[in-house]
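Q: Numbering that gives the first Met the number 0 numbers the first residue of the sequence shown as 0 and each following residue consecutively.
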Amino acid sequence: MEDGFNYQTAIEEFQDERPVWKQIWAAIITEFTPDKKNWFGAAFSFVLALILTIIIARSEETVSLAGKICGILLDVEIALFGCVFAVYSILLAFLSDEYVKKLLEIDYYRQTNYLRKSTKYYEAALFIYFVAIGISLVYKLTIECMPQNFALINSELANEIVAGVLLFPYFAYSLRTIYELKSIVGNTLLLFRASIQYKIIAFVKEDKEEKRKAEEGVGIK
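#1: Using the three-state DSSP reduction, which class does residue 144 fall into: helix, strand or coil?
#2: Taking all protein chains shown into account, decide if residue 52 is buried (16 or more other Cβ within 10 angstroms of its Cβ) or exposed.
#3: Output the boundary residues of the alpha helix (DSSP H) element that contains residue 51.
#4: In whole angstroms, give me the CA-to-CA distance for residue 163 and residue 188.
#5: Reducing DSSP to helix, strand and coil, say where residue 168 ends up.
#6: Rank 147, 154, 134 by C-alpha distance to the C-alpha of residue 76 and give the top, closest one.
#7: Could you say which of 21, 43, 119, 35 lies nearest to residue 178 if we only look at CA atoms?
#8: Using a 10 Å radius around the Cβ and a threshold of 16 neighbouring Cβ atoms, would you call residue 81 buried or exposed?
#9: Reducing DSSP to helix, strand and coil, say where residue 206 ends up.
#10: Pair every Cβ in the segment 82-93 with every Cβ in the segment 119-126, then say whether three or more of these pairs are closer than 8 Å.
#11: Excluding five sequence neighbours on each side, which residues of the same chain lie with their C-beta closer than 8 Å to the C-beta of residue 63?
#12: Among 173, 142, 166, 184, which one has its Cα closest to the Cα of residue 31?
#13: Return helix, strand or coil for residue 179, following the three-state DSSP convention.
#14: Could you give the DSSP three-state label for residue 17: helix, strand or coil?
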């Protein structure tokens, strides 16, 4: 099978001996670095996070509002993590051997096979939501331990600035992870559509083969 598909290369593409934390960091950088494809998501998350930060930091109930928002984001992130994990498991469980082979043979911009690109994306999404859940949990627990009138220093303006500096990165990251759901849905639909198309092609081949055999049978008679 020297002229066939190089399965050894495909196996090597799925191997990743880096520590988990390096894989998580690489996934976050790869998916969240603004570029031509995802600039809108980055801008949307940045603007919405800035608005939320200003509202909460300038509020007289900063601690209470921040705790409620963190709780909402934590619930959403846990739900999305469960959904992504379920979709990832279902895709791996229901991919047929022939479909897996076909995905392995499809080049993704001549860089890697399409199957590796797809599974790598879902793995990155799981890493991203896992980190988001961890950060939200830390923020939620920290805020719940604060008194409602908590203040670091006597200056109101300084307290607002400190609150904004601490809350903005968290809101920006959390909102960006939620926006990432759009790409997850898109990738899932592409895989399912490709699977259906591949099955239809298989049905067409079967029908042609049956017709050919039927015609050969008539010819023999």
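From the three backbone atoms N, C-alpha and C, an ideal C-beta is built for every residue, glycine too.
A: Answer, in terms of the structure:
#1: coil
#2: buried
#3: 38-57
#4: 38 Å
#5: helix
#6: 134
#7: 43
#8: exposed
#9: helix
#10: yes
#11: 147
#12: 173
#13: coil
#14: coil
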